[in-house]
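A short worksheet on the structure shown next.
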Amino acid sequence: MLLELLRQPGVQDLPGGFQEVAFYRNENNTGPIIRLYAVSVRDASPEQLQQYGNFMPHTKYGTTRVYFFKEGSPVPPALYPGDVNVDAAYQPYCIAMYEKSSMGQVSLVFEPF
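Structure (structure tokens):
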């Protein structure tokens, strides 16, 4: 019972079949930290995607973006810093993008490309 009280919920508790495929984090430890994730997902309900994004680490004045791809479709093996984070070849397969901005504002956009 004590272990259950200490255990924090996380992405592993979500039933959507989420699997992180690619991750990028800039090396800047003194300024804004940028975190990018490419995730394969079985259940693409808005609630599940929002919950997954909310579980991702976020740093004050940093940005966290999660790109979601339907399970079985191509997923980029790498993500890149800058304005375009996903290679153009994979953009048509991106079903949604979650973003938490530097000011903590959250958005979930379907078909972001």
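Using the numbering used here, read the sequence shown as starting at 1417 and increasing by one per residue. For each residue, glycine too, the CB sits at the ideal point set by N, CA and C.
- Taking a cut-off of 8 Å for Cβ pairs, the stretch 1501–1518 and the stretch 1479–1493 touch, as three or more such pairs fall below it.
- Residue range Gln1435 to Arg1441 is occupied by the beta strand (DSSP E) that includes Gln1435.
- Distance from the Cα of Met1519 is smallest, within the candidate group Pro1448, Glu1436 and Gly1488, for Pro1448.
- For Thr1446, DSSP records no beta bridge to any residue.
- Only residues of its own chain outside the window of five on either side were considered, and among them Val1457, Arg1458, Asp1459, Ala1460, Ser1461, Gln1464, Leu1465 and Tyr1468 have a CB closer than 8 Å to the CB of Gly1432, listed in chain order.
- Relative to Gln1507, the option among Glu1527, Tyr1496, Val1522 and Asp1499 whose CA is nearest is Glu1527.
- In the DSSP assignment, Glu1463 falls within the unbroken alpha helix (DSSP H) covering Pro1462 to Phe1471.
- Cβ-Cβ distances below 6 Å link Asp1503 to Pro1492 in the same chain, with the five nearest sequence neighbours on each side left out; the list follows chain order.
- DSSP, read as helix, strand or coil, puts Tyr1483 in strand.
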